[in-house]
Structures are given as structure tokens and as C-alpha cells.
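Report on the structure given below.
Numbering (my numbering), first residue to last: 61 to 329.
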């Protein structure tokens, strides 16, 4: 069913990017994702094409989906669908679509940085790794090991060549794995030299863990504590992003204006 869906999607002119969990799986930073998340370019014509594809594959509306209007699309609401309902031999496929995503403002810029990946489903446009790291900075604690895996993949991509200061700054700013950070600092002089210019409370403890190896365990614990505090701040920021969207969903639900679960997909935005 996934292959059939993407074949239909790619045979249409709809502009989209695979994001979030499934994108992390494609990059090799995660092993499993329950659903597919798509960022769909937030233009009316583009969404009308998407709806035609969903209609063609007999997608049905899933829970907590607002009316599919440009107002809600541009506000960042998610639109949830269920596919593969007629095949009792396999589980349904859950599809989440958005017209706006947190922390990455421009679809056009993200589109320019997309990576086309050959998969069993065909050639798929996947959100660029660095943008993916930004949208994975969510309330879910399980996303932070995935982010660190993505950062490690980016490091390995550049490892054989000389890593420039801009790339090191990105790597050291976005990893949440203390072992990785200490490894980078210990084994790459250029990373060590730039570390002091990066404002992260954990960074000074990582440097001390290298310089004062006899107290490595103590500084490691301090660095881990600072990472935990940093993650909590990011989680709170993500909560604030979603707060007005969730509030609006609750209001729509109270008024009975959410799309009925199991209903067919409308053809026009």
C-alpha cells in the first residue's frame, strides 16, 4: 500500500517532503516509524492535487482532523488520514500531512535542500538532514537520541574530508550525546578549538572532561545534567508552539466541526 500511495503521489505534480519519523528511518537514524509524515507545499492548487491522490487511493479521514482549508493549513494544523482499510491482511497506514512545520519556516528553502532517496516505494524527496534535526526538537524525549544519530551521520559524511568550522559548530550545537561530543572534541583539534566559542552550558564540562581526565566522571555527570536542562527548555518551547493549535482543535471539536473519522477525503480545499 505504501508503494502504491507513493507511486500515485509521484505521478502527480504535488510538491511534498517526507519528514519526521519516516525521514529519520530513511537516513538510518531510527529503525521504525508508525506513520508517514509529509510536509506539503502550502498552496491551494498543490493541496487540491494531494486530495485527489488521497481520494484515488481511498484514504479516509482519521481522528482530530480539522476542515481542510487554507486557513488551517497555513496555521500549522495536521491533517490525518488512514490508508489500506480494504486490505485485511495488513495493518492500516497512517498518514499525517502539514502545510507548515515548527522551526523550519520556508517550504521553498527546505525543498532546495531536499535529498532524493531511492526506496522500495520509488524516488522519494526527503527533508534535508539539518532541517530534519530542527523539526525533531519536539516534546518527545525519544527524539533526542534520534537527533544525535542524525548528527553522527552528518559527521560521518564529512569525516573523510577536512570538516570546516561552520560544520563543526553545527555538529557541536546539535548533538545531545555526551560520549559523541567528547569523542569529537578529543579526536579533532578543529572541533576542540571552536568549542569555546559555542554557548552551551554542557560544552565547558565536556572540555573539562578531556583536560582533566582524572575527574572525567564528575564532569560527565555535570554535562549530562546540562544537556537534560537544555532538552527540557526545547520541549517547553515545542509545547508553546503547539498550544494555540491544540486549543483551536479543542474548540473545533466542541463545536462538532472536526472532520468525521472514516469520512472520505474532500476534493477541493
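Where a beta carbon is used, it is the ideal one built from N, C-alpha and C, also for glycine.
Model, not experiment: these values are computed from the prediction.
Looking at the structure shown, is residue 99 part of a helix, part of a strand, or coil, going by DSSP?
strand
State buried or exposed for residue 321, treating a residue as buried only when at least 16 other CB atoms are found within 10 Å of its CB.
exposed
Between residue 295 and the rest of its own chain, which residues show a CB-CB distance below 7 Å, the 5 nearest in sequence each way excluded?
199
Decide if residue 140 is buried, meaning its Cβ has at least 16 other Cβ atoms within 10 Å, or exposed.
buried
Just verifying my parser: in three-state terms, what is the DSSP assignment at residue 142?
strand
Complete alpha helix (DSSP H) runs within the stretch 142-192 (minimum length 4 residues, chain order)
167-172
Three-way DSSP call (helix, strand, coil) for residue 79 in this model:
strand
Rounded to the nearest angstrom, what separates residue 235 and residue 216 at their Cα positions?
13 Å
Can you tell me where the alpha helix (DSSP H) holding residue 126 begins and where it ends?
Unbroken run through residue 126: none, as it is neither H nor E.
Give the single residue among 157, 95, 126 whose Cα lies nearest to the Cα of residue 74.
157
Is the stretch 64-83 close to the stretch 103-115, with three or more CB pairs under 8 Å?
yes
Would residue 254 and residue 232 qualify as a contact pair, given that the criterion is a beta-carbon distance under 9 Å?
yes
Output needed for residue 218: all residues of its chain with C-beta closer than 8 Å, excluding positions within five of it in sequence on either side, in chain order.
227
Do residue 160 and residue 136 count as a contact pair if the criterion is CB distance below 9 Å?
yes
N- and C-terminal bounds of the alpha helix (DSSP H) containing residue 109:
104-116
Can you check whether the CB of residue 67 is closer than 9 Å to the CB of residue 182?
yes
By alpha-carbon positions, which one of 89, 84, 91 ends up nearest to residue 98?
84
Using the DSSP secondary-structure output, state which residues sit across from residue 121 in a beta bridge.
141
Could you check the C-alpha separation between residue 197 and residue 203 for me, to the nearest Å?
7 Å
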